[in-house]
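K.L.:
Numbering (the working numbering), first residue to last: 23 to 261. Backbone N, C-alpha and C fix where the C-beta goes; we use that ideal spot for every residue, glycine too. Before I ask anything, here is the structure I am working with.
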Amino acid sequence: MNDTAAPTTAPVTLTLVRHGQTVLNVLRHLQGASDSPLTPTGEVGVRVTAQHLSTHAFDVAYSSPQPRALTTATAICGHHTGLRPRLHAGLRELDFGSYERLAESEMELTHPWREFVPAMLAGRHPGVPGGESGSAFMARVRETFAEIVATHAGERVLVVGHGLTLGAYLAVLGAGEGLVALPNASVTRLVVGPEGLREVLELATDVAGHGHVAARPAPARPRGMRADELFADGVLADH
23 MNDTAAPTTA
33 PVTLTLVRHG
43 QTVLNVLRHL
53 QGASDSPLTP
63 TGEVGVRVTA
73 QHLSTHAFDV
83 AYSSPQPRAL
93 TTATAICGHH
103 TGLRPRLHAG
113 LRELDFGSYE
123 RLAESEMELT
133 HPWREFVPAM
143 LAGRHPGVPG
153 GESGSAFMAR
163 VRETFAEIVA
173 THAGERVLVV
183 GHGLTLGAYL
193 AVLGAGEGLV
203 ALPNASVTRL
213 VVGPEGLREV
223 LELATDVAGH
233 GHVAARPAPA
243 RPRGMRADEL
253 FADGVLADH
């Protein structure tokens, strides 16, 4: 008789929620590693999303440690007895370095979004001055979600985070083309197994009705890069 248990391959049902609308979101300023409070509209939106998810069962909840995400996660968990958000540093947002808290338009002058983001997702961007590189960011995202999926096989997991971090994971999975624009307090639900994405249940549902004011999409790859180059030795490949 073989007493060695076979490894479980049960998939995880992930519910990904972007944090509620913040002051810097409305101003269209970058707030990767920095933070700003939710606006009154953002607070209402979080309550709407929390109520929407109150009928969904969760076995565990994770949140970025940044206040805007934790506030959102706490509101959602408040509808579920005994559910408390576990903080995971790997879920924090991309660090924009010297561009933190500056207007998006200022960074656009030197690092256009439609070129910057695809290069980050491909792990090829060195990062802006003082910021996080594409290779470090994508490795962090990949490792964080691989850990969550491996730890919670067969469970229903809530993850509250940020637009680029959650969007980068969706890019790794191939759920959508390029960077999926995630509205504030939006809901994405996925079934993920050890081998990767099994099913997209819903993608970027704008439950709170905030629209795409602070949600910018980006193409799948940098200008001039072939699709196969993303996987040749780039970070999108699931090593």
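Using C-beta distances below 8 Å, list every residue in its chain close to Arg108, excluding the 5 sequence neighbours before and after it, in chain order.
P.N.:
So the list reads Val82, Ala83, Tyr84, Ser85, once near-sequence residues are dropped.
K.L.:
Would you tell me roughly how many angstroms separate the C-alpha atoms of Leu204 and Ala158, rounded to the nearest one?
P.N.:
Roughly 22 Å separates the two Cα atoms.
K.L.:
So if DSSP puts Ser85 in a beta bridge, which residue, or which two residues, is it bridged to?
P.N.:
The partner list for Ser85 (beta bridge, DSSP) reads Leu109, Val182.
K.L.:
From the DSSP secondary-structure annotation, give me the bridge partner or partners of Leu38.
P.N.:
Note: Leu38 sits in a beta bridge opposite Val181, Thr210.
K.L.:
Find out if the Cβ-Cβ distance for the pair Leu52, Glu137 is shorter than 9 Å.
P.N.:
No, the pair does not count as a contact, with Cβ atoms beyond the cut-off.
K.L.:
How would you label Leu186, buried or exposed, when you count the other beta carbons within 10 angstroms and need 16 or more for buried?
P.N.:
Answer is buried; the Cβ neighbour count reaches 16.
K.L.:
For Leu105, tell me which candidate among Tyr121, Ala72, Leu124, Arg114 has the shortest Cα-Cα distance.
P.N.:
Residue Ala72 is the option with its Cα nearest to Leu105.
K.L.:
Kindly list the residues whose CB is nearer than 8 Å to the CB of Pro62, restricted to its own chain and excluding five residues on each side of it in sequence; keep chain order.
P.N.:
If we look at Pro62 and ignore the five residues flanking it on each side, it has no Cβ neighbours.
K.L.:
Excluding five sequence neighbours on each side, which residues of the same chain lie with their C-beta closer than 7 Å to the C-beta of Gly64?
P.N.:
For Gly64, where only same-chain residues beyond five positions count, the Cβ hits under 7 Å are Gly42, Gln43, Thr44, Asn206.
K.L.:
Just verifying my parser: in three-state terms, what is the DSSP assignment at Val229?
P.N.:
Three-state DSSP puts Val229 in coil, outside helix and strand.
K.L.:
To the nearest whole angstrom, what separates the beta carbons of Thr210 and Leu46, a pair I think is in contact under 8 Å?
P.N.:
With a Cβ gap of about 22 Å, Thr210 and Leu46 do not count as contacting.
K.L.:
In this structure, how does DSSP classify Val70 when only helix, strand and coil are distinguished?
P.N.:
In this structure, Val70 counts as helix in the three-state DSSP scheme.
K.L.:
Classify Gly296 as helix, strand or coil using the three-state DSSP reduction.
P.N.:
Outside the displayed range of the chain (23 to 261) lies residue 296, so it cannot be described from this structure.
K.L.:
Reducing DSSP to helix, strand and coil, say where Leu195 ends up.
P.N.:
Helix, per DSSP.
K.L.:
In whole angstroms, what is the alpha-carbon distance linking Val150 and Val70?
P.N.:
Looking at the two C-alpha atoms, the distance is approximately 36 Å.
K.L.:
Is Thr71 close to chain C? Criterion is C-beta to C-beta, closer than 9 Å.
P.N.:
Looking at the structure shown, chain C is missing, and only one protein chain is on hand.
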